[in-house]
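Below is one structure, written out as structure tokens; comments come after it.
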């Protein structure tokens with residue numbers, strides 16, 4: 305896997321085309337829905353889905369409906385827009401996970417998009433006894449050192465452009481619970497290298513074609529999340545790209 309950073313112009317192009325590429329993911333979801341019916345189904349268990357920066361539960365509606373249709377009791381965070389790691393938000397997420405665990409008598413899987421994935425990992429670090437696994441979607445949790453000159457962006461990307469302007473990146477340490485980081489080299493909001501963790505017996509990084517905004521509706525991402533949630537508790541195995549029924553075409557080549 306190459307770690308060579310993209311140029312500033314390429315970064316800018318990815319940023320400004322993010323909305324259009326999200327529409328492409330939506331179209332791919334509609335076209336690929338028959339294939340998604342073949343996605344793995346495992347033991348139903350509670351799932352919490354966390355939205356990205358400045359997003360609310362509205363942004364995760366498609367993903368939550370998908371997971372609910374697979375039989376998992378799935379909820380959003382119900383905390384309004386994600387405006388960052390405020391104390392009430394951090395405590396609210398932990399309280400919600402505790403409530404879900406108590407209600408269902410089992411640990412909770414957490415799926416977090418972008419900043420939501422960072423929240424999910426922090427909770428898993430602090431309260432691993434509550435968390436079954438973490439699946440992050442385009443979450444820049446790895447430590448970075450910013451370059452002197454950040455590439456320009458547009459709109460919302462201006463506020464977080466430093467997430468795309470990285471120099472040296474070290475992979476984040478693996479969690480004590482199973483964790484899957486879904487990333488894309490075509491991410492126009494964060495540098496894909498900041499989404500990588502150390503791989504090991506219960507940790508992995510999985511690539512997709514999607515842009516940042518389209519992660520929650522991309523068919524390959526939905527397949528990955530379903531497959532990860534289907535893993536038996538205590539018997540987690542790394543993701544294997546499907547080879548049947550043309551589903552493999554949804555994923556980047558090795």
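In my numbering, the protein residues as written are 305 to 558. For every residue, glycine included, the Cβ atom is placed at its ideal position computed from N, Cα and C.
Helix, strand or coil for residue 506 per DSSP? Note: residue 506 maps to coil in three-state DSSP.
Separation of residue 492 from residue 512, as counted between CA atoms: Our two residues, residue 512 and residue 492, have alpha carbons roughly 13 Å apart in a direct line.
Pick from 526, 325, 535 and 542: whose alpha carbon is nearest that of residue 339? Closest in C-alpha terms to residue 339, from the list 526, 325, 535 and 542, comes 526.
Ends of the beta strand (DSSP E) at residue 425? Taken as a continuous stretch (DSSP letters only), residue 425 belongs to no beta strand (DSSP E), being part of the alpha helix (DSSP H) at 419-430.
So, for residue 644: in the same chain, excluding its five sequence neighbours on each side, which residues have a beta-carbon less than 8 Å away from its beta-carbon? Outside the displayed range of the chain (305 to 558) lies residue 644, so it cannot be described from this structure.
In the DSSP output, what is residue 501 paired with across the bridge? Its beta-bridge partners are 476.
Between residue 522 and the ligand PLP, is there a pair consisting of the residue's CB and a ligand heavy atom that are separated by less than 6 Å? The ligand PLP is absent from the structure shown, which contains no ligands of any kind.
Have a look at residue 535 and residue 544 and give me their C-alpha separation to the nearest angstrom. Rounded to whole angstroms, residue 535 to residue 544 spans 12 Å at the Cα level.
From the DSSP output, which residues share a beta bridge with residue 378? For residue 378, which the question treats as bridged, DSSP gives the partners 351.
Going by DSSP, what residues sit across from residue 414 in a beta bridge? By DSSP's assignment, residue 414 forms a beta bridge with 352 and 438.
Does the beta-carbon distance from residue 394 to residue 383 come in below 7 Å? No, the Cβ-Cβ distance between residue 394 and residue 383 is not below 7 Å.
Hey, how far is the Cα of residue 476 from the Cα of residue 374? Residue 374 has its alpha-carbon roughly 31 Å from the corresponding atom of residue 476.
Taking Cβ to Cβ, would you say residue 517 is nearer than 7 Å to residue 322? In contact: residue 517 and residue 322 (Cβ atoms closer than 7 Å).
For residue 463, collect the residues of the same chain with a Cβ closer than 7 Å to its Cβ; drop the 5 residues on either side in sequence, then sort them by chain order. Residue confidence is low: residue 463 scores 43 on pLDDT, short of 50, so the model does not pin down where it sits. Its coordinate-derived value is still stated next. Taking C-beta separations shorter than 7 Å and ignoring five residues to either side along the sequence, residue 463 has no partners in its chain.
Would you verify that the beta carbon of residue 476 is, or is not, closer than 7 Å to some beta carbon of chain B? No chain B is part of this structure, which consists of one protein chain only.
So what does DSSP say about residue 551, is it helix, strand or coil? In the three-state scheme derived from DSSP, where H, G and I count as helix and E and B as strand, residue 551 is classed as helix.
Continuous beta strand (DSSP E) stretch holding residue 366: start and end: Per DSSP, residue 366 lies in no beta strand (DSSP E); the unbroken alpha helix (DSSP H) holding it starts and ends at 365-373.
Classify residue 326: buried if its beta carbon has 16 or more other beta carbons within 10 angstroms, exposed otherwise. When all chains shown are included, residue 326 counts as buried.
Secondary structure at residue 530, three-state DSSP: helix, strand or coil? The DSSP-derived three-state label of residue 530 is helix.
Spatial neighbours of residue 428 within its chain, please: C-beta separation below 8 Å, excluding the five flanking residues on both sides. Cβ neighbours of residue 428 beyond the five flanking positions: 414, 435, 438, 479, 480, 481 and 483.
Measuring only the C-alpha atoms, how far is residue 406 from residue 397? Cα atoms of residue 406 and residue 397: separation of roughly 14 Å, rounded to the nearest angstrom.
Does the Cβ of residue 465 have 16 or more other Cβ atoms within 10 Å, making it buried, or fewer, making it exposed? Any reading at residue 465 must be qualified, since the residue scores a pLDDT of 43, below 50, and its modelled position is unreliable; the value itself is stated next. Counting of Cβ neighbours within 10 angstroms places residue 465 among the buried residues, the total reaching 16 or more.
Return the CA-CA distance between residue 520 and residue 345, expressed in angstroms with no decimal places. So the two alpha carbons sit approximately 19 Å from each other.
Just curious, the beta strand (DSSP E) that residue 484 is in, first and last residue? Looking at the DSSP string, the run of the beta strand (DSSP E) that includes residue 484 is 483-487.
Measure the C-alpha to C-alpha separation of residue 381 and residue 418 and round it to an integer number of angstroms. Cα-Cα distance, rounded: 14 Å.
Residue span of the alpha helix (DSSP H) that contains residue 402, given as start and end: From DSSP, the alpha helix (DSSP H) with residue 402 extends over 391-408.
My guess is that residue 489 and residue 473 are in contact by the Cβ rule of under 8 Å, so how many angstroms apart are they, rounded? Not confirmed; about 13 Å, so no contact.
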